[in-house]
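Q:
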Amino acid sequence: MAQDLILALDQGTTSTRAILFDRAGTALGDASRPLRQSYPADGWVEHDAEEIYAAAVAVLREVTEASGRMADIAAIGVTNQRETVVVWDRATGRPIHPAIVWQDRRTADVCARLKAEGHEPRVTEVTGLLLDPYFSATKIAWILDKTPGARARAEAGELLCGTMDCWVIWRLTGGAVHATDATNASRTLLFDIGAQAWSSEMLALFNVPSTILPKVLDCVDDYGATQADILGREVPIRGVAGDQQAALMGQGCVAPGQMKATYGTGCFMLINTGTDRAVSRARLLTTVAARVGGKTTYALEGSIFVAGAAIQWLGEGLGITGGPRAAEALARAAKPDHAVVVVPAFTGLGAPWWDAEARGGIFGLTRDAGLPEIAAATFDACALQSRDLIEAMRADAPTAFGEAAQLRIDGGMAKSAWFSQRLADLTGLSVRRASYQETTALGAALFAAVGAGLYGSIEEAAEASPAAETLAPAMDDHVREAAYARWLDAVPRVRL
């Protein structure tokens with residue numbers, strides 16, 4: 001039989017998963033392992049990189065063995081939690097410190113100092129990012145400075161570092177390949193997204209030696225092959241992308257103006273701006289959407305800190321039992337003309353506000369308002385935060401953001417047809433709800449499928465993005481604008 005299957009490895013923050021896809025993008029089987037997080041100090045979040053690699057091998061083996069079609073697998077695609085980074089010994093392959101997770105805040109003081117010194121405008125100009133401990137550079141420097149002897153060993157070429165894609169690939173290939181892709185590199189604060197190369201200026205600013213950094217390859221490229229003893233034969237690795245960029249591909253957003261939002265605990269929204277590197281005036285991130293055949297396309301990215309987590313709060317904080325479905329049923333029973341606004345700034349506000357000190361609030365309560373109205377306002381807050389991002393993107397990338405703009409959505413909240421319709425109503429955009437939610441893994445598979453020759457281009461591969469239901473706005477314009485005006489009035493009130 002022809003080799004026409006692609007195996008995707010999705011290394012996430014809470015789990016590691018493998019999914020086997022056919023050429024049409026249909027999932028044929030999957031396996032997953034949960035991932036433990038540790039919290040050694042306030043604001044610190046770590047992973048065991050060895051556990052991540054062991055889980056990767058386990059899920060790859062499980063899904064291939066269950067399929068009985070190992071011989072039909074053409075290639076592997078890898079996607080990963082971005083910004084999480086590990087440093088390891090080149091000779092032994094052992095990490096010198098636990099991986100520091102993207103959520104970790106231990107280097108906030110370093111970022112604050114650099115910002116106070118006036119470095120952020122230049123950092124943004126080169127990297128497209130903001131000075132924040134979210135990104136990898138300050139994590140790498142912290143490991144080198146806090147692990148005895150590490151900095152001298154790094155400068156002597158004895159250590160390597162990388163994000164989780166890089167780490168897993170290095171191990172799968174037996175140390176033969178130390179490489180990452182341009183999307184992951186663009187999340188480190190060390191990569192010049194215009195020159196498409198590591199920036200000597202940023203390396204000096206963040207005190208990271210170039211000797212430990214991986215080679216930067218395209219999203220569709222030759223990342224070597226797994227060692228034969230892992231899956232019974234060598235399997236080529238031909239596609240890599242960070243999780244949000246992989247989801248952008250999985251949603252078929254390969255043309256300028258196409259955008260997607262993934263609704264999980266938080267929400268990540270990206271709009272493809274093509275070869276135009278849009279500069280944001282609303283403090284959105286400019287990032288690499290993909291690099292294929294040496295051609296770089298860019299995206300604007302905005303993040304909402306609290307999306308699905310707000311629905312969790314309805315249960316854990318307000319005692320609404322029965323999970324998200326019960327919360328939704330309560331919200332649907334709310335008075336349609338209520339004016340309650342919930343701002344779920346439990347951990348601050350993300351783009352375009354970027355206010356870490358903001359805290360949540362409930363506004364517009366009246367004597368006849370109750371839990372149904374608060375629940376409805378909580379769901380609406382996810383849609384109204386999305387509109388904040390959409391308006392910022394419309395202003396920052398007017399040539400990409402056309403009249404026929406459509407928001408493609410996936411993630412847990414996208415499973416709700418009711419929320420998806422509210423999203424369309426409150427943003428005023430057509431919403432395309434994917435029928436298959438694992439678009440991150442699918443995107444990695446599609447990049448690898450191009451690399452394996454199953455598709456001639458990413459445009460052809462994008463046609464394998466999942467079937468979707470399209471929802472048009474059904475709310476009167478004045479009702480929509482009144483709801484957004486109430487939101488814009490409430491947000492400043494939670495900014496301390």
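Residue numbers (full-length UniProt numbering): 1 to 496.
Heads up, the beta-carbon is just placed ideally off N, CA and C, and yes, glycines get one too.
Everything numeric in this text was worked out from a predicted model, so none of it was measured.
In or out: H478 buried (at least 16 other Cβ within 10 Å) or exposed?
A: Exposed, because fewer than 16 other Cβ atoms sit within 10 Å of the Cβ of H478.
Q: Beta-carbon within less than 6 Å of P236's beta-carbon, same chain only, minus the 5 sequence neighbours each way: which residues are those?
A: Contacts found: A75 and A225.
Q: Could you tell me if R433 is buried or exposed, where buried requires 16 or more neighbouring beta carbons within 10 angstroms of its beta carbon?
A: By the 10 Å Cβ count, R433 comes out buried.
Q: Would the stretch 367–377 and the stretch 324–337 be scored as touching if the rule is three or more Cβ pairs under 8 Å?
A: Touching, per the Cβ criterion.
Q: For A261 versus I73, is the C-beta spacing smaller than 7 Å?
A: In this structure, I73 does not lie closer than 7 Å to A261 by Cβ.
Q: When DSSP labels each residue in this structure, what does H119 get in the three-state scheme?
A: Correct three-state label for H119: coil.
Q: Give the straight-line distance between the Cα atoms of I390 and D476, rounded to the nearest whole angstrom.
A: Approximately 19 Å, taken between the alpha carbons.
Q: Assuming A467 and L446 are in contact, meaning their beta carbons sit under 8 Å apart, how far apart are those beta carbons, in whole angstroms?
A: Actually they do not touch by this definition, with Cβ atoms about 15 Å apart.
Q: Look at the alpha carbon of L407 and the alpha carbon of P148, and state the distance between them as a whole number of angstroms.
A: Those two C-alpha atoms are separated by around 48 Å.
Q: Note down, in chain order, each residue of its chain lying with its Cβ closer than 7 Å to the Cβ of A55, except the 5 sequence neighbours on either side.
A: If we look at A55 and ignore the five residues flanking it on each side, its Cβ neighbours are T16, R33 and L35.
Q: What are the partner residues of I374, as DSSP defines its beta bridges?
A: Partner(s): none; I374 has no beta bridge.
Q: Taking only three categories from DSSP, how would you classify M259?
A: Reduced to three states, the DSSP call for M259 is strand.
Q: Could you say which of R171, R106 and A66 lies nearest to R94 if we only look at CA atoms?
A: That would be R171, whose Cα lies nearest to the Cα of R94.
Q: Using the Cβ count rule (16 or more neighbours within 10 Å means buried), how would you classify G43?
A: With fewer than 16 Cβ atoms within 10 Å of its Cβ, G43 is classed as exposed.
Q: Drop a sphere of 10 angstroms on the beta-carbon of T275, count the other beta-carbons inside from all chains shown, and report buried for 16 or more, exposed for fewer.
A: When all chains shown are included, T275 counts as exposed.
Q: Closer than 6 Å by C-beta to F346: which residues in its own chain qualify, once you throw out the five before and the five after it? Chain order, please.
A: So the qualifying residues of the chain are V306 and G360.
Q: Is the distance from the Cβ of G350 to the Cβ of S303 below 7 Å?
A: Yes, Cβ-Cβ distance for G350 and S303 is below 7 Å.
Q: When the distance is taken between beta carbons, is I96 closer than 7 Å to A156?
A: Taking 7 Å as the Cβ cut-off, A156 and I96 do not qualify as a contacting pair.
Q: If the criterion is Cβ atoms closer than 7 Å, does the pair T188 and P214 meet it?
A: No, Cβ-Cβ distance for T188 and P214 is not below 7 Å.
Q: What's the gap between the Cα of A448 and the Cα of G456?
A: For A448 and G456, the distance between alpha carbons rounds to 12 Å.
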